[in-house]
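Okay, so here's the structure we're looking at.
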Amino acid sequence: MLRDTTAVVLDTDGVITDSARVHAAAWKTAFDAFLESRGPARQRPFDARDDYLRYVDGKSRLDGARAFLESRGLRPTEAEVQGVAADKERLFTEQLREHGIDAYPGTVRLLRALRAAGIPLAAASASRHAPELIARAGVRDLFDTLVDGAEAARLDLPGKPDPALFLEAARRLGVPPDRTAVVEDALAGVEAGRRGGFGLVVGVDRARTPQTRTALLEHGADIVVDDLADLLASED
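Under the working numbering, the first residue of the sequence shown is numbered 972, with each subsequent residue one higher.
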């Protein structure tokens, strides 16, 4: 399916690196502590799978924090949103420094195959940790360019589901969106790929459930795979 594309843009967390679960765990600790402070019986705890995918995944820390808290009927102040986001950042960074992050083997296989075929590759992420993540995972040399959260802030790019981050990555590769594939695991991310007019939007379903697969398709994925090595297998 990727043979008809001229370039590929991949999200980082949950697509390239096994870091989405670490993000989700850090968010759960931060959100649950905040909800507890509002009254232990008043709010359901953060669900590290469903709430993460629905409200947080693929978004900037502040946008994700605000979206989840508002989903619980709260009206957080800007200081409260920033406080929860800062707690999550601290927890994630501690885990990253202590244990590191690996790249998915299936993703590495696909990246090497695309590289060998001469297809330009970009990594794009709302996270400021993206450069460190892919460097620690040993795959930075497989990408021609990287657009991370720091670059998005510098360029004042709106967050997903706005396609600006992916469009900037495609621009840096010198390939128009309709000739570029986007690979995403987040609902906001596949929606961004669809809004941006990209030629192919690939959803990655790490949860491997009918519900998450359906949600990815409904938000704009053309196809959904459990692992990116599946794309190689489908071309054999």
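All C-beta atoms in this analysis are idealised placements derived from N, C-alpha and C, irrespective of residue type, glycine included.
7 Å CB neighbourhood of residue i in its chain, flanking five on each side removed
i	result
Asp-1207	Confidence at Asp-1207 is low in this model, with a pLDDT of 41, below 50, so its placement is unreliable and the value that follows should be read with caution. So no residue of the chain qualifies.
Asp-1119	Ser-1096, Ser-1098, Arg-1099, Ala-1101 and Pro-1102
Phe-1002	Phe-1017, Phe-1039 and Val-1055
CA-to-CA distance, residue j to residue i, given in whole angstroms
i	j	result
Ile-1105	Thr-988	7 Å
Pro-1091	Thr-977	7 Å
Gln-1182	Arg-1025	12 Å
Ala-1140	Gly-1170	14 Å
Ala-1036	Val-1027	7 Å
Arg-1111	Leu-973	21 Å
Ala-1121	Leu-1187	27 Å
Residue i, buried or exposed, once every other Cβ within 10 Å from all chains shown has been counted against 16
i	result
Ser-990	buried
Glu-1155	buried
Thr-1078	buried
Arg-1125	exposed
Ser-1042	exposed
Ala-1088	exposed
Gly-1191	buried
Other residues of its chain near residue i: CB distance less than 6 Å, five sequence neighbours each side excluded
i	result
Gly-1029	Lys-1131, Ala-1157, Ala-1159 and Gly-1160
Val-986	Val-1154, Asp-1156 and Val-1175
Option nearest residue i by Cα separation, candidates the options
i	options	result
Gly-1164	Leu-1202, Arg-1177, Pro-1148 and Phe-1063	Pro-1148
Gly-1167	Ile-1090, Pro-1129 and Arg-1009	Pro-1129
Asp-984	Arg-1142, Glu-1041 and Gly-1174	Gly-1174
Gly-1145	Ala-1093, Ala-1192 and Arg-1080	Ala-1093
Asp-982	Gly-1010, Asp-1022 and Leu-1117	Leu-1117
Leu-1045	Asp-1198, Ala-1074, Arg-1009 and Arg-1080	Arg-1009
Leu-1081	Val-980, Thr-1048 and Gln-1053	Val-980
Arg-1179	Asp-1021, Trp-998 and Lys-999	Asp-1021
contact_flag[the region 1088–1104, the region 1133–1151] where n(CB pairs < 8 Å) is 3 or more: yes
Given 8 Å, three or more beta-carbon pairs between the region 1058–1066 and the region 992–1007: yes
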